[in-house]
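Following: one structure in structure tokens, then a few remarks.
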Amino acid sequence: MTRRQYTVALIPGDGIGQEVVPSARACLDAVATKHHFGLEFDELDWGSARYRRDGAMMPEDGFDRLAASDAILLGAVGEPDIPDTVTLWGLLIPIRRTFHQYVNLRPMRLLPGVTSPVRGGENIDLAIVRENVEGEYSEVGGRMYRGRPEESAVQESVFTRVGVERVARYAGDLAARRRGFVTSATKSNGIVHTMPFWDEVVEQTLAAYPDVRREQILIDALAARLVLDPSRFDVIVASNLFGDILSDLTAALAGSIGIAPSGNINPERDHPSMFEPVHGSAPDIAGKGVANPVGQLWAASMMLEHLGEQEAAADLLGSVEAVMAKGVLTRDLGGDASTADVTAAVTEQIGG
Ligand code: ATP
Ligand code: MG
1 MTRRQYTVAL IPGDGIGQEV VPSARACLDA VATKHHFGLE FDELDWGSAR
51 YRRDGAMMPE DGFDRLAASD AILLGAVGEP DIPDTVTLWG LLIPIRRTFH
101 QYVNLRPMRL LPGVTSPVRG GENIDLAIVR ENVEGEYSEV GGRMYRGRPE
151 ESAVQESVFT RVGVERVARY AGDLAARRRG FVTSATKSNG IVHTMPFWDE
201 VVEQTLAAYP DVRREQILID ALAARLVLDP SRFDVIVASN LFGDILSDLT
251 AALAGSIGIA PSGNINPERD HPSMFEPVHG SAPDIAGKGV ANPVGQLWAA
301 SMMLEHLGEQ EAAADLLGSV EAVMAKGVLT RDLGGDASTA DVTAAVTEQI
351 GG
């Protein structure tokens, strides 16, 4: 039998990415040894330092390097004095679009030792499926009459039938493996062209799943329901903008942004998918050794699941939960453990 072997492109990036990615690497090594598969890391120095040096976050042949990998594990990119557009349009968005990572998956539930800021938060167990490549985040539009009284700006949204159908299908498939309930975020009362189209295509697509219940909720009401009654939700499917906002909201409901994971997924697997924590480079705590590595570790577990290593994925996340249940918690969760303490406890828990 040939040994299972994967190549992972590793982009620690900036700030606490430099601390939580090595933590994930150590835990991945431990879990790969225990579950008898090989992991090879292609470590890439992409990010703000490179941008300052070369004027680009990634090299010209960057996509070829990534394309040769089975998956990408990203920490965080961005520094306070570098414009968000450089990080977003110079790295994250091109990767998502080039590799057709059209689903942004953000599972969320309350991990042991964490207190939710809302009532009923203990029972949160949901997943946000955000459309990741089209919709509101488009380059179509422009600024007009700069500096004149009639100055204005136009920003177009682009929704395609193919684009909405495939993300709805992903939500339907996921719900069928979970509790069988999809909520679609809409705003068809105010946005009268794209949102009714979204509703129609989502409805048609999900009608093919007889065992999946479905509903549409206006985004404003949905935001309120998430705070008042978060445990009623299973899978939430949303456009690029709505999904972006909702997933920060649910990450906050689950106690700390430091534990939330995210997958930029290419469901067809014709290109690598990319896994990262929801948090950014957190310059305020970078270099102090106190960053919570759990978001990065959970993202690494999602990556293993995507690679087909289900047992190892469950082992890694289960070990993180066991360690948290023992009270090994970083400062953001009210504990005093360092990044290194959590890493050591998780690798020990995995054993091997
Ligand atoms: P970006 O623009 O890259 O998203 P940001 O400053 O908007 O960066 P974060 O970098 O996520 O957002 O930081 C938001 C706050 O959450 C900061 O106070 C940061 O210290 C805290 N934080 C983020 N991630 C972690 C973590 N892993 N552990 C502890 N605290 C964290
Ligand atoms: Mg941010």
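Take the sequence shown: its position 269, counting from 1, is numbered 269 in the UniProt record's numbering, and each next residue is one higher. No residue lacks a Cβ here, since even glycine has one placed at the ideal position from N, Cα and C. Quick caveat: nothing in here was measured; it's all calculated off a predicted structure.
Tell whether a beta-carbon distance below 9 Å holds between residue i and residue j.
i	j	result
residue 192	residue 168	no
residue 324	residue 73	no
residue 106	residue 260	yes
residue 309	residue 4	yes
residue 295	residue 257	yes
residue 129	residue 212	no
residue 77	residue 11	yes
residue 8	residue 70	yes
residue 247	residue 120	no
residue 239	residue 214	no
residue 234	residue 216	no
Could you compute how far the alpha carbon of residue i sits from the alpha carbon of residue j?
i	j	result
residue 123	residue 65	41 Å
residue 147	residue 153	12 Å
residue 126	residue 85	30 Å
residue 61	residue 42	14 Å
residue 225	residue 210	25 Å
residue 343	residue 333	16 Å
residue 290	residue 18	12 Å
residue 321	residue 143	49 Å
residue 336	residue 329	6 Å
residue 29	residue 151	56 Å
residue 180	residue 161	24 Å
residue 305	residue 149	55 Å
residue 285	residue 219	33 Å
residue 57	residue 15	15 Å
residue 331	residue 135	37 Å
residue 171	residue 26	32 Å
Does DSSP put residue i in a helix, a strand or coil?
i	result
residue 42	strand
residue 221	helix
residue 111	coil
residue 242	helix
residue 264	strand
residue 6	strand
residue 205	helix
residue 104	strand
residue 314	helix
residue 66	helix
residue 95	helix
Classify residue i as buried or exposed, calling it buried when 16 or more other Cβ atoms lie within 10 Å of its own Cβ.
i	result
residue 22	buried
residue 347	buried
residue 47	buried
residue 245	exposed
residue 101	buried
residue 141	exposed
residue 228	exposed
residue 221	exposed
residue 145	exposed
residue 189	exposed
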